[in-house]
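Shown next, in structure tokens, is the structure this report addresses.
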Amino acid sequence: MLAIESSCDETAAAVVADGRHVRSSVVSSQVDLHARFGGVVPEIAGRAHLERLLPVVDEALASAGLSRADGPSLAAVAATSGPGLIGSLLVGVSAAKALALAWNVPYVAVNHLEGHLFASLLEAPDLEHPAIVLLVSGGHTLLVRLDAPGRYALLGGTVDDAAGEAFDKVARYLGLGYPGGPAIEAAARQGDPTAVAFPRPMLDEGFSCSFSGLKTAVVTTVRARPELSTEDVAASFQAAVIDVLVHKALAAARAVGARSICLAGGVGANGPLRARLEEAAAAAGLSSYLPSRAMCTDNAAMIAACAFARLERSGASPLDSGAEPSLAFPAA
Ligand code: KG4
Ligand code: ZN
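First residue of the sequence shown? That's -6 in this note's numbering, and the numbers climb one at a time after it.
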């Protein structure tokens, strides 16, 4: 399976065998192109995907010991079809469909969010089910019950900003640059997480969460107390987000009788979040699985794993299917 991921600002391609064995996974990040604008510029992202996609595909094929001449022997070509930036998605979808047509192999459209769930399958095939997956990315914050690979139910999620979006917006406000998550994490290392008692929004209100009020609290606090150091604000903000996420994930695990907890999405790369989740899961007698940082952030290996399951379950996607920027989390 050759898979392509181009939903946001990473151009990625991977070759995965049997939905499990990663033969190659290449990720070309555009961070350097967007940094000076303080966020992803959709037009620049789309154009960069167009320039980088085929070289990245060729590199993924070569690292797996293949070339484009081997295309007809692939099981399928997959691509993320949504959610994401329309101009970025279209580059990956069009390329995957063109390659599938030229090689006469099936095309498989993959939901990016479902793809993130499959990251755990690649690195932890023995994950104990049912599991709770805390999927925290730039665009989404979701709590998912995973009953088996490819069988899941959405329990809840953010009612406004995603966790990663909150990190990015707060980092921008604090002048820490883009991408915000790693910048906040680095600044927080020098700060005191108890310096400001930021609110822990919707802590005991089911599986929904909200981060937009917390973001506003950072702004009003910084205005009211200019003497606070950026490091203390970053550390206190990060502590509030982590408290909410870990609390919600454990509450969800208790509610559904989960045996394990698993992390997914770009915010899953956050060191203190990983440590707290692991600690809290162990204290609750649950096993936890934290995918490697490279598997948390956007990559095409997880898209290939998801495509493999999709192909087995529901067959190929039509070549006239398009890209859907607001594609929702799929019903199980
Ligand atoms: O999953 P992802 O790579 O792309 C999306 O599908 O959105 O997630 C990107 C998000 C960004 O908001 C970024 O700031 C956040 O993940 N992120 C982090 C860290 N690394 C990336 N957030 C907190 N701490 C990190 N170390
Ligand atoms: Zn993602």
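Virtual Cβ for every residue (Gly too), placed ideally from N, Cα, C.
Let me know the secondary structure DSSP gives residue i once reduced to three states.
i           : result
residue 150 : strand
residue 24  : helix
residue 134 : strand
residue 165 : helix
residue 313 : coil
residue 86  : helix
residue 34  : coil
residue 16  : strand
residue -4  : strand
residue 3   : strand
residue 11  : coil
residue 308 : coil
residue 75  : strand
residue 40  : helix
residue 139 : strand
Would you say the beta carbon of residue i is closer than 8 Å to some non-hydrogen atom of the ligand ZN?
i           : result
residue 81  : no
residue 0   : yes
residue 222 : no
residue 229 : no
residue 105 : yes
residue 74  : no
residue 291 : yes
residue 258 : yes
residue 285 : no
residue 130 : yes
Taking the alpha-carbon of residue i as reference, which of the options has the nearest alpha-carbon?
i           : options               : result
residue 99  : 89, 108 and 107       : 89
residue 116 : 288, 252, 306 and -1  : 288
residue 114 : 7, 219 and 12         : 12
residue 179 : 217, 34, 237 and 229  : 229
residue 268 : 283, 169 and 313      : 283
residue 1   : 133, 181 and 249      : 133
residue 188 : 218, 194, 195 and 159 : 218
residue 20  : 291, 220 and 317      : 291
residue 74  : 42, 146, -2 and 34    : -2
residue 120 : 167, 280, 86 and 34   : 280
residue 141 : 222, 304, 253 and 317 : 253
residue 87  : 146, 43 and 110       : 43
residue 231 : 84, 256, 305 and 204  : 204
residue 93  : 65, 82 and 51         : 65
residue 4   : 167, 276 and 40       : 40
residue 156 : 144, 139, 10 and 201  : 201
residue 168 : 227, 313 and 318      : 227
residue 10  : 46, 294, 108 and 315  : 294
Please state if the CB of residue j and the CB of residue i are separated by a distance shorter than 9 Å.
i           : j           : result
residue 129 : residue 258 : yes
residue 274 : residue 243 : yes
residue 16  : residue 58  : yes
residue 49  : residue 71  : no
residue 171 : residue 24  : yes
residue 296 : residue 103 : yes
residue 154 : residue 208 : yes
residue 165 : residue 32  : yes
residue 300 : residue 69  : yes
residue 174 : residue 97  : no
Any heavy atom of the ligand KG4 closer than 8 Å to the beta-carbon of residue i?
i           : result
residue 254 : no
residue 268 : no
residue 133 : yes
residue 209 : no
residue 109 : yes
residue 149 : no
residue 153 : no
residue 263 : yes
residue 204 : no
residue 273 : no
residue -3  : no
residue 172 : yes
* **Within the region 174 to 248, ranges of the alpha helix (DSSP H) (whole runs, at least 4 residues)** => 205 to 217
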